[in-house]
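Peer 1: Per the numbering used here, the sequence shown starts with residue 150, numbered consecutively. Note that the Cβ used here is the ideal one computed from N, Cα and C, for glycine as well.
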Amino acid sequence: MTPIRRLLETVHLTFAGLWLGSLVMTGVAAAVIFPITRELNPQLPDFTEFTGPHWRIAAGTVAAKIFLISDAIQLGCIIICGLTLGAVVITAEGWQRPIATSIRLIALFCAVGLLTYSFAFLGPRMNTNMVNYWDAARAGKNDAAQSYQLAFDKDHPTATKVMIGSFLCALLVTSSGALSVAGAAVPNSTATKAPPSKLQQPELSRRRHGA
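1) Rounded to whole angstroms, what is the Cα-Cα separation between phenylalanine 216 and valine 173?
2) Go through its chain and collect everything with a Cβ distance to threonine 175's Cβ below 7 Å, but skip five positions before and after it.
3) When DSSP labels each residue in this structure, what does proline 152 get in the three-state scheme?
4) Return helix, strand or coil for glutamine 245, following the three-state DSSP convention.
5) Please classify threonine 233 as buried or exposed, where buried requires at least 16 other C-beta atoms within 10 Å of its C-beta.
6) Between which residues of its own chain and valine 160 is the CB-CB distance below 8 Å, once the five residues before and five after are set aside?
7) What's the call for serine 155, buried or exposed, on a 16-neighbour Cβ count within 10 Å?
8) How would you write the range of the alpha helix (DSSP H) that threonine 233 sits in, first residue to last?
9) If you follow the alpha helix (DSSP H) that glycine 372 is part of, which residue opens it and which one closes it?
10) So, at 6 Å on beta carbons, what are the nonlocal neighbours of cysteine 318 in its own chain, with the 5 sequence-adjacent residues on each side left out?
11) Compare the Cα-Cα distances from threonine 151 to each of Leu189, Gln223, Ala236 and Ile185 and report the closest residue.
12) How close, in whole Å, do the beta carbons of alanine 308 and methionine 275 come, if the pair is a contact with beta carbons under 8 Å?
13) Inspect the CB distances between the segment 178 to 198 and the segment 320 to 331 and report whether three or more fall short of 8 Å.
14) Determine the DSSP secondary structure at asparagine 291, reduced to helix, strand or coil.
15) Helix, strand or coil, according to DSSP, for glutamine 298 in the structure here?
Structure, rendered in structure tokens:
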């Protein structure tokens, strides 16, 4: 493996691992925040006229910040992973393991598609419903708040599927990248064979074999 490719692969796998780790921690954080906040059952001073559960607003406010940070990390990591992988696959050396390289490209393209859908369509719609839900609850408009909450909850299963899909893409990018690098690091077996000996066979050995 050339030094340039080694550098590219190191950067690529580092940010792929960061991307994967951010998705895992975001899912773990959401799974912890909502149940704990529900058990605490907080009452928010700014929402005194809201008759619905305050814990959803409290937990959602914290989770929204975490998801925002996660989206920023995903975007940065996908850009860097795409640039480094692009620089690798334009060379013949990047296709030493064609199956692993193909998986890397397909997984990255799928991740870009999921992130584009989330940023352009799903995310803005859910964010609008969430903010409207909070504003209506703060103003004591309970019916309107419930309507926006139901609209937000309707998109939640889709958001979960998008996050799981992004996790699988990040996992494939990381694992196939590691496999590709491991294959490139294996020396060529033909190059390690010892050259045939040019030494003459000993006289005694030739007599024994009838030479």
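Peer 2: Walking through what the data contain:
1) 12 Å
2) Ile215, Phe216 and Ser219
3) helix
4) coil
5) buried
6) Ile229 and Thr233
7) Reading off the sequence shown, one finds arginine at residue 155, where the question assumed serine. With fewer than 16 Cβ atoms within 10 Å of its Cβ, arginine 155 is classed as exposed.
8) 203 to 238
9) Since the displayed the chain opens at 150 and closes at 360, residue 372 lies outside it and no answer follows.
10) Ala256, Cys259 and Ala260
11) Among Leu189, Gln223, Ala236 and Ile185, the Cα nearest to that of threonine 151 is on Ala236.
12) 6 Å
13) They do not touch, by the three-pair rule.
14) helix
15) helix
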